[in-house]
Amino acid sequence: MISTRLNPDDIYEKVSIMCRALQHGGPDDEGIFLDKNASSAFGHRRLSIIDLSKNGHQPMADDQKRAWITFNGEIYNYLDLKHELRQAGAVFCSATDTEVILQAYLHWGTAAFAKLRGMFAFALYDTINAVTYLVRDTNGIKPLYYHINDGQLSFSSEVKALKLAGIATEEDETWPVRLLAFGNIPEPYTTLKKVFSLPKGSFLTWDHHHNNHAIRPYHITSAVSYITDKNQAEEYIRESLKTAIKRQLIADAPIGVFLSGGTDSSLITLLAAQHKQQQLKTISIFFNEKAYDERQYQNLILDRIEGEKFTHLVKQNDFDAHFPQIIDAMDMPTTDGINTWFISNYAHLDGLKAVLSGIGADELFGGYPSFRRIKYLNYLRKFPAALLNLTTYFTTDRYRKISFLKHNHYLADYLLLRGLFVPADIAKILNTDTRQVNEILFNSAPNITRGGYNEELAAWFESNLYMQNQLLRDTDVMGMSHGLEVRVPFLDEDFKKLAESISPGIRFNNHHPKKLLTDSFAAILPPAIWNRPKMGFTFPLQQWMKQNNEMSDESLYKGEKAKNIIKAFRKDQMHWSKVFALYQIQRYA
Amino acid sequence: MTRTLAYSLYQVSKLNKWAFKLWSVYDSDHNLMPQYLPAQNFKGFNADRPRFLTKVLGIATWPDIIIISHINLAIIGLVVKMINPKCKVWLIAHGIEVWRPLSALKKRFLKNCDKVLCVSNFTKEEMIRWHKTDPDLCEVLNNAVDPFMKLPIKFAKPQHLLNRYQITAENPLIFSLTRLASTEQYKGHEQVIKVIKNLKPRFPRIKYILAGQSDPEEKIRIKELITKYDVEEQVILTGFLDETELADHFLLADLFVLPSKKEGFGIVFIEALACGLPVICGNSDGSVDAIRNGELGKAIRADNLDELDKAITESLTTPLTENKRQHLQKQCLLHFNEQNYRSYLQQLLVDE
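Here the protein sequences come in this chain order: A and B.
Counted from 1, the first sequence has number 519 at position 137 by my numbering; the numbering is strictly sequential.
Counted from 1, the second sequence has number 75 at position 94 by my numbering; the numbering is strictly sequential.
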């Protein structure tokens, strides 16, 4: 926090409150650095994974105290950078990656940010130039929220810390609209006014002299020349994914893999086992509900590897018992994350501090139905506007979603593919009018023009909207609620760049989702794993939520529309994710 | 298990300032173990059913909720409901006592029950299947590890037991504990005896401790089986095991096996697990709940000797380290602890 309005004691107090609010994610140590002259304080809660000694204490400064840092995440190429920096004359006092960021900055300035490979969010205070930087990784894996008001900057890894410290207390009343439309609260918005998410791959510069700021990207995406040879692409994929996994296995604390039984986590498990052998631990979850029980697929992989294998049952009772805790852990409303809460809970109980997860492959290689559906947008976009107005009269949500086409906005395209409720229904639920809902959804967000309706656009939608706002945010917050770091090798910067430079013709396949990925690893991946209907990391939530007394109790919900949705849900005519969103709205309202 | 229930109910009542009494038809007052419940909350009727019924008649208007711990006491439930229709009557459904056709009286009682607490999901399904009980009235309340069971912190094999049975820590040791009744031949110990014969060549030092009180008829039958399958060297019959020796036996063994077909829940499985002992059970009864459908132990088809053989072999060939035992204990207690049991019970009582 930087504030010339508050006295240093108040700043210190607020930062301590924020630290306490985030202690679940950093159970091992706490530190606060206060610079009275600069009216600035950094707080840190530590989850020690690399260099478990006291040398890793944060906030950390270089030996001459030229710069201070508070850092959340992991730099996977820190050893390479350290080597490079040593040759340039840097001297290191610890074995941490944190110190590498400090030295990289001191040597290369802000150009250092683009050299980092990993998942990170950090604040760095340059005492010489009197500037503070907030920096977030290129894939937005680690969260970083900031609040700027009246010449004061505050930042945190979770929204609730800013609220509890009394820094940002006013609710952003538009969040229920976004939640009902997207199923999450899309970046940069949050539940609080003036609290925003820092865009991925960018950094905020705060000038201490003038108390003003600027946000700039540090990562410039270069024009790609496509790889057009399939064999070559496969070879690159093999090599690059192996490298990514190898470097993400760096840890001084116990590390494991989430194994769901699907293609992506199976692949990561098999590749991680090649490096870790008997030291690799796996965590899997199964259910009594037969349709969701993936043990036969998990066992296919587990039989091929050594190491400790933890498998756990999650039952309806477990869900009911932990549901309030899960809601508390979410930080902001969302319609996912329950699965990650459970598996992280078990990983933590099984003694792990970090795990690898298969997130990201579906987005890169076309694992979602949206990759096939997106082409219809080419035709639908040609419908005359008058026809589109008629869609309001459709009764099933699937067709009513066509009404999104009335808006010439990329978010409308996305919501047509992925949205939860249509604006007309959102208006009814929230007792407002459709015009206002559309205003919030489309007019307040700048439009972005993308290319044609093809798989690359679908990949862009999935990565930048669904994965970013839902999968990654939920995974991080749920993992952190158990002091567990979830690493995502498919989002390794180099691997992602490679995947994106493969010509769409071979990168995507209309008939077999993620064919290029499974073909690349045909030698190690059992066909039974990929040659079957997609399951995902899915819980029997339709049934569990229906049987949950509170969620399915229509008397808890306000308004006719909401009550009818619950009634339909009890008859299995409504998807649980919609009810989950509604439940949170009535809960927070 | 009634002791744990009594303890939990007492604790819940204390917390909520509710009055709570436990009446037992078959115990007498001096049977009470005061760590579970103070004497003023307990009354034993020493098998005097008429006196029990009379006393119940006397107090039938008092309680808000009465929990009948066995369907054989159906008459009590019915009488209370008749005198005091506002009183909620709950039944605890364990296992085989309800997985069968019931007398007219018991059926009538079931119709008047406000809630049926089933010890396992299997029992719940059987209640629905046999008696068409309304699924909404059935709550699954899995048993829990007795809060006063002495749980091991270290996992070494107890020397005094090694001496007693004249074995060493190197003997792969399988353990079964069950009542051995000639009328209850579904426990599966016979299967284990048969499999021991097959395991002998692969595990020349294997031992099998079969513990539990037996009736004379069954004892003879078991001995004949042992001779028939040529496993006299391997099988050790201990007879009745005192409760105080239970944990030590779980520590002594490398594997607990009971491929039973008619366990309501199988509390012995969670007791073994709470001592860090891996378990194998049958897959066609309530045991599946006790091992959390495979999370904590292995379920096999009880009649299938090959499956049993394979499961035992797999377990005995996987080293059972101190860490693994500790982990198993932790996992078991995470789910089947009295705290969870109590809070679920409290939730149900509050909701009522």
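Just so you know, even glycine gets a beta-carbon here, dropped at the ideal spot from N, CA and C.
Open item on the list: Between which two residues does the alpha helix (DSSP H) holding A/Pro886 run?
Closed with: First-last of the alpha helix (DSSP H) with A/Pro886: Pro886 to Arg889.
TODO: Can you tell me which of A/Ser622, A/Gly548 and A/Pro909 puts its alpha carbon nearest to the alpha carbon of A/Lys879?
DONE: Nearest to A/Lys879 by C-alpha distance, out of A/Ser622, A/Gly548 and A/Pro909, is A/Ser622.
Open item on the list: Does the CB of A/His694 have a neighbour CB from chain B at under 8 Å?
Closed with: It does: the Cβ of A/His694 has a partner Cβ on chain B nearer than 8 Å.
- [ ] Under 6 Å Cβ to Cβ from B/Ile52, same chain only, skipping five residues before and after it: list those, please.
- [x] So the qualifying residues of the chain are Glu78, Val79 and Lys87.
TODO: Could you check the C-alpha separation between A/Ser435 and A/Asp479 for me, to the nearest Å?
DONE: Rounded to whole angstroms, A/Ser435 to A/Asp479 spans 13 Å at the Cα level.
Task: A/Ile530 vs A/His592 beta-carbon contact at 8 Å - done: The Cβ atoms of A/Ile530 and A/His592 do not sit closer than 8 Å to each other.
- [ ] Look at the alpha carbon of B/Lys378 and the alpha carbon of B/Thr114, and state the distance between them as a whole number of angstroms.
- [x] Any answer about residue 378 of chain B is impossible in this case: the structure gives chain B only from -18 up to 333.
- [ ] Check each candidate in B/Leu326, B/Leu330, B/Val331 and B/Trp43 and name the one with the smallest Cα separation from B/Ala125.
- [x] Ranked by how close their Cα comes to the Cα of B/Ala125, the residues B/Leu326, B/Leu330, B/Val331 and B/Trp43 have B/Leu326 in first place.
- [ ] Please list the partners that B/Asn274 has in chain A, where partner means a Cβ-to-Cβ separation under 7 Å.
- [x] The contact set of B/Asn274 on chain A, defined by CB atoms closer than 7 Å, consists of Asn670 and Leu695 in chain order.
Task: For B/Leu218, the three-state DSSP class (helix, strand or coil) - done: The answer is strand: DSSP assigns B/Leu218 an E or B state.
Open item on the list: Taking the straight line between their C-alpha atoms, what separation do you get for A/Ile947 and A/Ser959?
Closed with: A/Ile947 and A/Ser959 have their C-alpha atoms roughly 12 Å apart.
Task: Where B/Leu132 meets chain A, residues with beta-carbon distance less than 7 Å - done: Chain A residues near B/Leu132: none, gap ~18 Å exceeds 7 Å.
TODO: Please list the partners that B/Leu315 has in chain A, where partner means a Cβ-to-Cβ separation under 9 Å.
DONE: Within 9 Å Cβ-Cβ: Leu731.
- [ ] Kindly give me the distance between the Cβ atoms of A/Thr664 and A/Gln852, rounded to whole angstroms, as I take these residues to be in contact under 8 Å.
- [x] Going by Cβ atoms, the distance from A/Thr664 to A/Gln852 rounds to 25 Å, so no, they are not a contact pair.
Task: For A/Glu867, three-class secondary structure by DSSP - done: Strand, per DSSP.
Open item on the list: Is the beta carbon of A/Lys943 closer than 8 Å to that of A/Lys810?
Closed with: Closer than 8 Å, so yes.
TODO: Apply the 10 Å Cβ neighbour rule to A/Phe504 and answer buried if 16 or more other Cβ atoms are within range, or exposed otherwise.
DONE: Around the beta carbon of A/Phe504, 16 or more other beta carbons sit within 10 angstroms, so the residue counts as buried.
Open item on the list: So, for B/Phe1: in the same chain, excluding its five sequence neighbours on each side, which residues have a beta-carbon less than 7 Å away from its beta-carbon?
Closed with: Beyond the five residues adjoining it in sequence on each side, B/Phe1 comes within less than 7 Å, by CB distance, of Leu(-10), Tyr(-9), Ser(-6) and Asn22 in the same chain, given in chain order.
Open item on the list: Measuring alpha carbon to alpha carbon, tell me which residue in A/Lys953, A/Leu429, A/Ser785 and A/Pro909 is nearest A/Arg979.
Closed with: Residue 979 of chain A falls outside the range modelled here, since chain A spans only 383 to 971, and no answer is possible.
Task: Cα-Cα separation between B/Leu161 and B/Lys131, rounded to whole angstroms - done: When rounded, the separation of the alpha-carbon atoms in B/Leu161 and B/Lys131 is 25 Å.
- [ ] Quick one: using the 10 Å Cβ neighbour count with 16 as the cut-off for buried, is A/Ile808 buried or exposed?
- [x] By the neighbour-count definition (other C-beta atoms within 10 Å, threshold 16), A/Ile808 is a buried residue.
Task: Cross-strand partners of A/Arg518 (DSSP beta bridge) - done: Answer is A/Ala503.
Task: Separation of B/Val173 from B/Lys204, as counted between CA atoms - done: Near 14 Å, if we compare the C-alpha coordinates of B/Val173 and B/Lys204.
Task: Contact belief for A/Gln680 with A/Leu641 at Cβ below 8 Å, rounded distance in angstroms - done: Taking a contact as a CB-CB distance under 8 Å, the pair A/Gln680 and A/Leu641 counts as one, their CB atoms being some 6 Å apart.
Open item on the list: When you measure from the CB of B/Met108 to every non-hydrogen atom of the ligand FAD, does any distance come out below 7 Å?
Closed with: With respect to the ligand FAD, the structure shown offers nothing to examine, as it has no ligands at all.
TODO: For A/Ser934, collect the residues of the same chain with a Cβ closer than 6 Å to its Cβ; drop the 5 residues on either side in sequence, then sort them by chain order.
DONE: Closer than 6 Å at the Cβ level, and outside the excluded window around A/Ser934, lie Lys928 and Arg952.
Task: Sequence-distant residues of the same chain with beta carbon closer than 6 Å to A/His694, five excluded per side - done: Cβ neighbours of A/His694 beyond the five flanking positions: Ile667 and Tyr728.
- [ ] Just confirm the distance between the C-beta atoms of A/Gly861 and A/Leu734, as a whole number of angstroms; I'd bet it's less than 8 Å.
- [x] A/Leu734 and A/Gly861 do not touch by the CB rule: their CB atoms are close to 10 Å apart, not below 8 Å.
- [ ] Check whether the region 504 to 513 of chain A touches the region 457 to 476 of chain A, counting contact only when three or more Cβ pairs, one atom from each stretch, lie closer than 8 Å.
- [x] Result no; under three Cβ-Cβ pairs closer than 8 Å.
TODO: Would you decide whether A/Phe564 is buried or exposed? Buried here means 16 or more other CB atoms lie within 10 Å of its CB.
DONE: A/Phe564 comes out buried.
- [ ] Take B/Ile73 and list the residues in its own chain whose beta-carbon comes closer than 6 Å to its own, dropping the five residues that flank it on each side.
- [x] Same-chain partners within the cutoff: Ser50 and Leu98.
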